[in-house]
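Chains as they are written, first to last, in the working numbering: chain V, 138 to 381; chain A, 138 to 381.
Protein chains: 2
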Amino acid sequence: MRNFKVTMAYNGAAYHGFQRQNNAMTVQQAVEEAMGKLLGETVSVNGCSRTDAGVHAREYVFSFSTENAITEKGVVIGTNSLLPGDISILDCKVVDDSFHARYNCKGKEYEYLIHNHPVRDPFLNKMAMQYKYPLDEKLLDREGKQFVGTYDFRGFCSADCTQENTVRTISSFSAERQGDLVRLKVAGNGFLYNMVRIMVGTLIYINEGKLPQGCIKELIEKKDRTAAGVTVPPDGLYLNKVYY
Amino acid sequence: MRNFKVTMAYNGAAYHGFQRQNNAMTVQQAVEEAMGKLLGETVSVNGCSRTDAGVHAREYVFSFSTENAITEKGVVIGTNSLLPGDISILDCKVVDDSFHARYNCKGKEYEYLIHNHPVRDPFLNKMAMQYKYPLDEKLLDREGKQFVGTYDFRGFCSADCTQENTVRTISSFSAERQGDLVRLKVAGNGFLYNMVRIMVGTLIYINEGKLPQGCIKELIEKKDRTAAGVTVPPDGLYLNKVYY
Numbered sequence: 138m139r140n141f142k143v144t145m146a147y148n149g150a151a152y153h154g155f156q157r158q159n160n161a162m163t164v165q166q167a168v169e170e171a172m173g174k175l176l177g178e179t180v181s182v183n184g185c186s187r188t189d190a191g192v193h194a195r196e197y198v199f200s201f202s203t204e205n206a207i208t209e210k211g212v213v214i215g216t217n218s219l220l221p222g223d224i225s226i227l228d229c230k231v232v233d234d235s236f237h238a239r240y241n242c243k244g245k246e247y248e249y250l251i252h253n254h255p256v257r258d259p260f261l262n263k264m265a266m267q268y269k270y271p272l273d274e275k276l277l278d279r280e281g282k283q284f285v286g287t288y289d290f291r292g293f294c295s296a297d298c299t300q301e302n303t304v305r306t307i308s309s310f311s312a313e314r315q316g317d318l319v320r321l322k323v324a325g326n327g328f329l330y331n332m333v334r335i336m337v338g339t340l341i342y343i344n345e346g347k348l349p350q351g352c353i354k355e356l357i358e359k360k361d362r363t364a365a366g367v368t369v370p371p372d373g374l375y376l377n378k379v380y381y
Numbered sequence: 138m139r140n141f142k143v144t145m146a147y148n149g150a151a152y153h154g155f156q157r158q159n160n161a162m163t164v165q166q167a168v169e170e171a172m173g174k175l176l177g178e179t180v181s182v183n184g185c186s187r188t189d190a191g192v193h194a195r196e197y198v199f200s201f202s203t204e205n206a207i208t209e210k211g212v213v214i215g216t217n218s219l220l221p222g223d224i225s226i227l228d229c230k231v232v233d234d235s236f237h238a239r240y241n242c243k244g245k246e247y248e249y250l251i252h253n254h255p256v257r258d259p260f261l262n263k264m265a266m267q268y269k270y271p272l273d274e275k276l277l278d279r280e281g282k283q284f285v286g287t288y289d290f291r292g293f294c295s296a297d298c299t300q301e302n303t304v305r306t307i308s309s310f311s312a313e314r315q316g317d318l319v320r321l322k323v324a325g326n327g328f329l330y331n332m333v334r335i336m337v338g339t340l341i342y343i344n345e346g347k348l349p350q351g352c353i354k355e356l357i358e359k360k361d362r363t364a365a366g367v368t369v370p371p372d373g374l375y376l377n378k379v380y381y
């Protein structure tokens with residue numbers, strides 16, 4: 138039995154998230170079916186994270202084990218030839234038997250992409266959130282940096298959040314503009330259900346004056362989901378990096 | 138009766154081209170249905186061009202007439218609110234009654250986008266042609282400039298081409314690289330069926346040594362489709378600009 142660490146990217150627009158579901162197509166199912174055909178056996182992969190329906194990944198890591206003698210390169214080329222064009226295997230390495238993509242994950246970076254323009258761009262359909270009104274990326278950058286630190290983020294987790302321990306460490310936050318695109322990046326040791334999307338929605342509320350500047354530490358202390366901003370759509374969310 | 142000139146952009150991945158068909162969804166049908174709902178009447182639009190299934194447009198022009206008193210801005214905002222996210226109305230202007238998007242069109246610029254990388258990018262799925270092998274954009278630029286001039290392009294038209302007059306004037310050609318993306322741009326007074334895709338396929342044959350450098354004038358003179366290169370996929374083709 139050899140254990141493999143696989144890195145992939147996917148456009149999540151057509152998928153109901155990573156994790157297998159009974160009645161909807163997911164990235165996990167697409168990957169397990171492709172690898173199952175390639176290896177001639179039932180393949181079951183361990184993903185680094187759940188992602189919501191419509192969320193994308195520039196770097197997603199999963200692990201799997203097989204008795205098959207296939208090479209690392211064979212996994213990449215063979216799986217890609219059987220996957221649809223919106224999922225791509227980028228790399229594959231044999232790793233120690235103890236490696237598990239989720240349990241060994243030390244942290245992640247997410248990006249939230251906003252198309253800040255009054256007219257929608259059909260080439261960013263399902264790949265960014267369109268925001269029609271003025272957006273001050275310097276304000277977003279300054280306010281968002283208040284998330285950095287180790288806090289109980291219970292107030293930044295959807296009501297159906299099932300995690301018992303809601304303490305997380307956010308290590309960095311930045312907001313940058315490139316023309317009409319505003320990129321918000323946040324890295325941390327872990328994220329609660331919908332946490333990034335609620336963080337972004339809260340910053341947009343601050344930009345709109347619906348919440349006051351400098352309120353984020355106070356919002357965190359409240360531990361009350363209803364005090365924070367909206368949950369922005371999944372379209373703009375990308376899992377960017379996974380740290381081990 | 139007022140006559141309107143409308144500019145739009147669309148991601149053609151989900152459509153069987155611009156022009157209405159009986160059994161497949163097209164951009165024209167999507168637009169006419171949205172405008173029909175907006176204006177409460179049957180709308181019929183005149184497009185500047187047919188485009189093939191899967192081909193995109195950064196700038197596409199159509200014209201239509203209505204007795205409705207709607208404003209120019211009302212057409213833009215109202216139609217966009219009823220269209221799917223992969224089509225966007227960019228602009229609308231009242232024009233002279235004699236204006237017709239196709240008959241008045243003086244020329245067009247197309248772009249063909251190539252993702253030149255051994256690993257496919259899931260975010261360019263259906264939005265570029267992936268080409269895995271080395272591609273010399275300087276060679277493509279030099280060879281492609283041989284297309285510039287007024288010629289009978291019968292040999293660069295699909296077998297089912299129905300145009301009687303196959304003489305066209307190509308006014309410019311360029312190939313440029315931006316990282317892994319190679320952009321081929323070609324402008325002219327008109328294009329035959331599949332003409333840009335056969336031009337690009339021929340340049341790729343020259344890049345691969347399947348056709349000799351400097352052969353394009355000779356290929357044009359042959360007027361024989363089988364002498365030119367392959368028809369590359371529609372995924373990478375964008376109607377970029379329409380001239381009046």
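The beta-carbon is built from N, C-alpha and C at its ideal position, and this holds for glycine as well.
Three-state secondary structure (DSSP) of residue i
i: residue 374 of chain V; result: strand
i: residue 363 of chain A; result: helix
i: residue 246 of chain V; result: strand
i: residue 147 of chain A; result: strand
i: residue 350 of chain A; result: coil
i: residue 266 of chain A; result: strand
i: residue 198 of chain V; result: strand
i: residue 163 of chain V; result: coil
i: residue 260 of chain A; result: helix
i: residue 180 of chain V; result: coil
i: residue 192 of chain V; result: coil
i: residue 168 of chain A; result: helix
i: residue 293 of chain A; result: helix
Top-ranked residue by Cα proximity to residue i, from the options
i: residue 368 of chain A; options: A:338, A:352, A:349 and A:345; result: A:338
i: residue 222 of chain A; options: V:214, V:150 and V:332; result: V:150
i: residue 325 of chain V; options: V:364, V:282 and V:268; result: V:282
i: residue 201 of chain A; options: A:212, A:349 and A:308; result: A:212
i: residue 144 of chain A; options: A:197, A:209, A:341 and A:374; result: A:197
i: residue 315 of chain V; options: V:341, V:253 and V:247; result: V:253
i: residue 344 of chain A; options: A:280, A:179 and A:303; result: A:280
i: residue 217 of chain A; options: V:230, V:257 and V:231; result: V:257
i: residue 138 of chain V; options: V:300, V:159, V:152 and V:232; result: V:232
i: residue 277 of chain A; options: A:323, A:146 and A:153; result: A:323
i: residue 190 of chain A; options: A:220, A:152 and A:374; result: A:152
i: residue 296 of chain V; options: V:332, V:310, V:270 and V:274; result: V:332
i: residue 207 of chain V; options: V:241, V:159, V:229 and V:261; result: V:229
i: residue 286 of chain V; options: V:308, V:302, V:275 and V:301; result: V:308
i: residue 199 of chain A; options: A:146, A:162 and A:159; result: A:146
Beta-carbon gap between residue i and residue j smaller than 7 Å
i: residue 155 of chain A; j: residue 184 of chain A; result: yes
i: residue 329 of chain V; j: residue 298 of chain V; result: yes
i: residue 312 of chain V; j: residue 321 of chain V; result: yes
i: residue 362 of chain A; j: residue 327 of chain A; result: no
i: residue 224 of chain A; j: residue 370 of chain V; result: no
i: residue 251 of chain A; j: residue 266 of chain A; result: yes
i: residue 377 of chain V; j: residue 195 of chain V; result: yes
i: residue 284 of chain A; j: residue 335 of chain A; result: no
i: residue 215 of chain V; j: residue 175 of chain V; result: yes
i: residue 288 of chain A; j: residue 357 of chain A; result: yes
i: residue 374 of chain V; j: residue 182 of chain V; result: no
i: residue 291 of chain A; j: residue 354 of chain A; result: no
i: residue 180 of chain A; j: residue 173 of chain A; result: yes
i: residue 227 of chain A; j: residue 171 of chain A; result: no
i: residue 380 of chain V; j: residue 243 of chain V; result: yes
Residue i: first and last residue of the uninterrupted beta strand (DSSP E) it sits in
i: residue 306 of chain V; result: 304-315
i: residue 325 of chain A; result: 318-325
i: residue 232 of chain V; result: 224-232
i: residue 286 of chain A; result: 286-289
Extent of the continuous alpha helix (DSSP H) to which residue i belongs
i: residue 336 of chain A; result: 332-344
i: residue 217 of chain V; result: 209-219
i: residue 282 of chain V; result: Counting along the chain, residue 282 of chain V falls outside any alpha helix (DSSP H), and DSSP gives it neither H nor E.
Distance cut-off 6 Å: residue i Cβ against heavy atoms of the ligand FMN
i: residue 221 of chain A; result: Only the bare structure without any ligand can be found here, which leaves the ligand FMN out of the picture.
**Residues from the stretch 257-273 of chain V in contact with chain A, defined by Cβ distance under 8 Å** = 257, 258, 259, 260, 262, 263 and 264
**Asked** Of all the residues that make up the stretch 222-238 of chain A, which are near chain V by a beta-carbon distance shorter than 7 Å?
**Response** 222, 223, 224, 225 and 227
**Item:** Residues of the stretch 142-162 of chain V with Cβ closer than 8 Å to any Cβ of chain A, in chain order
**Value:** Going along the stretch 142-162 of chain V in chain order, one finds 146, 147 and 148 with a Cβ nearer than 8 Å to chain A.
**Request:** May I ask you to list, following chain order, the residues of the stretch 314-340 of chain V that have a beta carbon less than 7 Å from some beta carbon of chain A?
**Result:** Here the close residues number zero.
**Prompt:** Residues in the stretch 200-218 of chain A with C-beta within 9 Å of chain V's C-beta atoms, listed in sequence order?
**Reply:** Listed in chain order, the positions of the stretch 200-218 of chain A with a beta carbon within less than 9 Å of a beta carbon of chain V are 213 and 217.
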